[in-house]
Amino acid sequence: LTDVVLIALGTTMIFVAATSRVEGYVKALAAQGLLLFLLVLSRARELEPANLAFLAVETLGVKAIAVPLLLMKTVRRHEISRDSSPAEPVFWPTAASCAILVAGLAVGAWAARSGGVENALYFGASFAMILASLAVIVTRRKIITQVLGYMMMENGVFLLSTAVAAEMPLIVDLGVLLDVFVGIYVIAAFFNKIQALGGEGDIDELSSLKD
Amino acid sequence: MVAAVVISMLLLAVVALAAPRGKAAAPCLAASATIVLSAALALAYAVAAPSESASRIASMAASPAGVARYVRLDGLSAYLFLVMAVVNACASLYAIGYLRRRGPERAGPFAAAFLAFDASMAGALLSNHLALTWVFLEATTLAGAYLVSFERERGSLEATWKYLFICSIGVSLAFVSLILLTLAGKPCPSLFLDELYANASALDPFWLKMALAFAVAGFGTKAGLAPMHAWLPDAHSEAPAPVSAVLSGALLNAALLPLFRILKLTELAGIGRYARILLAATGFLSVLVCAAFALRVRNYKRLLAYSSVENIGIVAIGAGLGGIGALAAMLHAAAHSFSKASLFLTAGTIHERYHTKKSDEVRALGSRDPLAASLWVASFVAISGMPPFPSFLSKFLTVKSFFDAGRWWLAPIFLVLLVAILAGMGRAFLGMVYARGNDASREASPDRALGPLAYAPQLILLALLLAFGLGVSGPVQALVEAAASCL
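These protein sequences, in sequence, are chains B and Z. Residue numbers for the first sequence follow the working numbering, beginning at 11 and rising by one. Residue numbers for the second sequence follow the working numbering, beginning at 29 and rising by one.
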């Protein structure tokens, strides 16, 4: 089950690269939350019960339901439909995302050969998610899609942190802390304020400070 | 004691927030500055002057026993904590005057966020656990975001967004580095610095190198090292003056600290060369970025922010080169913090006079506010590396360390970049003081007295810089050397 979930997580990033619909991004984010929940369940035997409950609430409650709901509400309220025009080709972003996934898996395999890693796919998927999310943040034009990219990066980081969940539960709990605080702070407090400045939420509108 | 200091600052933050109409803001800021400065002096004494009373202070610092494991008191933490405490005390003094001139509206939340920010920095500097350091640095991002957005203008909101967003990405990458460090330590992972240092040779070099790369990207973002510095010119220039002073003078050092810790770890693990080259290269790039912008930026606060990128770069170069460079890095960290805090605070005073941040629109400062003009020029001289200020010695030692490290060919490039930065800053800053011009803002609003708190903190900082530059000896020398030995 773990391997299937990991491959599915990697595939969500390819879907994100291939779509320009912001609602599609939010759905991909929710799907990632659900997949991470399944992943936590698949490792249930290794984790302590309290830690398992905490992670289950975080993945299902926060990552799969609360954050996507909040973002979907924001997207609908501000009537943001697409990041780029439908006429723009999606071939290159999709190809780049596939390349990142392959590169991530290669890093995972390389790491496994260097020793210390039991499951190459685990690391490959998380590295690929982190890198592909960074690519989303750098290349997308809407503030909301950049926030979504950040949330996906957080999912990648969470995935990596679950690799050490049994030995260092503290690390995973801290990752959850990061998620909840920054996620809520970024979305709720500042995104709405920035949107209140007017405009269509394009990153180009935030260019009054430059040299 | 360390836990008590952090908790008392947080309690003062609550009091400042709860009091009606910001009445407790000034007393809380003053009380917190006094507590932090006293604690920092005591800890610095404990490290720099070994004696019976010093060891008593050191054991008190780690009490109660429950938190002892989480507190790290060595030369580096004591030294950077002292630098932070001085900058914080001067910025708090200035903030009291700033809030008085601004009026009671939102004074309470400002003081509360300021104190929470300071408490987080103190925690980050004195922590023995890398994940705890990370939590405290994350907390500075959240508290700092409110402070940067305090003026609630379009520019400050935009700057806050970039600060929050880019630093959050940086902090996430730093978190990845901690996970990788945990993997490097399998099968008995730990993030306690003393345990990591003790077991450094058993760490997996592959994961340690990966952790270092992510740490440079993550903590480097928070420290404003190029090319991850994009948020810094915006946030430092749009924040209120006392906030800019602590952001530049204290936070950047606090963000560099975990990088220094991981650098030491790589050294102990036998892969220090790789880490040092990476850090020095990032530092050099930071100096290059500042040189590229110094000649074209026309906003004096942004110019100061770019100068922070440069100076943190110089600290990183020194730490990366090692040897005498480590000593230069520590000297430069304090020299930059004090002079940059003084410059940002004076920039706040100038902004209150002229209501503009464009250096071309500030003219004849010397005749309009001679004291501010004197502070501005003296602070500029202090940061530009001229004797008798300590940045002269630190830059000189950095150049010497290029030769010591066998990379003499970098010295002329470094010096040319410094001259270019000096030319850019000098043209803008000295023009503001000496150039004559049409002073429209003075006709629009006549000058009012800003009070002694708009000048006194900078005078204290400059006096400290002079004393530091004229004679680094005795316990101060011991403290700087103790800090450098931790790199």
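Where a beta carbon is used, it is the ideal one built from N, C-alpha and C, also for glycine.
At a cut-off of 8 Å between beta carbons, F64/B makes no contact with chain Z.
Cβ-Cβ distances below 8 Å link P215/Z to nothing in the same chain once the five nearest sequence neighbours on each side are left out. Residues of chain Z with a Cβ closer than 7 Å to the Cβ of L80/B do not exist; the shortest Cβ-Cβ separation is about 17 Å. Between the alpha carbons of R396/Z and A477/Z lies a distance of about 12 Å. By the rule that beta-carbons nearer than 8 Å mark a contact, Y132/B does not touch chain Z. Against chain B, a Cβ distance below 7 Å from I207/Z picks out L170, S171, V174 and I181.
Within the segment 188-203 of chain Z, the residues whose Cβ lies closer than 9 Å to some Cβ of chain B are T188, W189, K190, L192, F193, S196, I197, V199, S200, L201 and F203, listed in chain order. For T172/B, the enclosing alpha helix (DSSP H) covers residues I153 to T172. The C-beta separation of A145/B from G134/B comes to about 16 Å, leaving the pair out of contact by the 8 Å criterion.
The three-state reading of DSSP puts R130/Z in helix, counting H, G and I together. CA-CA distance, Y191/Z to L46/B, rounds to 29 Å.
Listed in chain order, the alpha helix (DSSP H) runs fully inside the segment 365-420 of chain Z are 393-396 and 398-412, counting runs of at least 4 residues. According to the DSSP assignment, M453/Z belongs to the alpha helix (DSSP H) that extends over L438 to Y462. The Cβ of T210/Z sits closer than 8 Å to at least one Cβ of chain B.
Separation of A491/Z and T84/B (C-alpha to C-alpha, rounded to the nearest whole angstrom) is 52 Å.
Leaving aside the five residues that flank I197/Z on each side, the residues in its chain whose CB is nearer than 8 Å to its CB run, in chain order, T249.
Under the three-state reduction of DSSP output, N327/Z falls in the strand class.
With a threshold of 8 Å between beta carbons, I154/B makes no contact with chain Z. For H157/Z, the pairing in a beta bridge is given by DSSP as F220/Z. The beta carbon of F321/Z falls within 8 Å of a beta carbon belonging to chain B, placing the residue at that interface.
R182/Z sits in a helix when the DSSP states are folded into three classes. Between the alpha carbons of A283/Z and H257/Z lies a distance of about 13 Å. Between the segment 221-237 of chain Z and the segment 178-194 of chain Z there are fewer than three inter-stretch CB-CB distances shorter than 8 Å, so the stretches are not counted as touching. DSSP places R97/Z in the coil class of the three-state scheme, outside both helix and strand. For R92/B, the three-state secondary structure derived from DSSP is strand. Listed in chain order, the non-local C-beta contacts of A144/Z below 8 Å within the same chain comprise M37, L38, A41, A167 and A171, local neighbours out to five positions each way being set aside. Judged by DSSP in its simplified three-state form, R31/B adopts strand. Within 7 Å of the CB of M178/B, the CB atoms of chain Z belong to T210 and P217, in sequence order along the chain. In the displayed model, I299/Z falls within coil according to three-state DSSP, outside both helix and strand.
Annotated three-state conformation of L57/B is coil, per DSSP. Contacts with chain B at 8 Å (Cβ-Cβ) do not include E133/Z.
DSSP places R86/B in the uninterrupted alpha helix (DSSP H) bounded by V77 to R87. At a cut-off of 8 Å, the C-beta of A159/Z has a neighbouring C-beta in chain B. The beta carbon of V163/Z sits closer than 8 Å to some beta carbon of chain B. At a cut-off of 8 Å, the C-beta of M163/B has a neighbouring C-beta in chain Z. R324/Z belongs to the set of residues whose beta carbon lies under 8 Å from a beta carbon in chain B.
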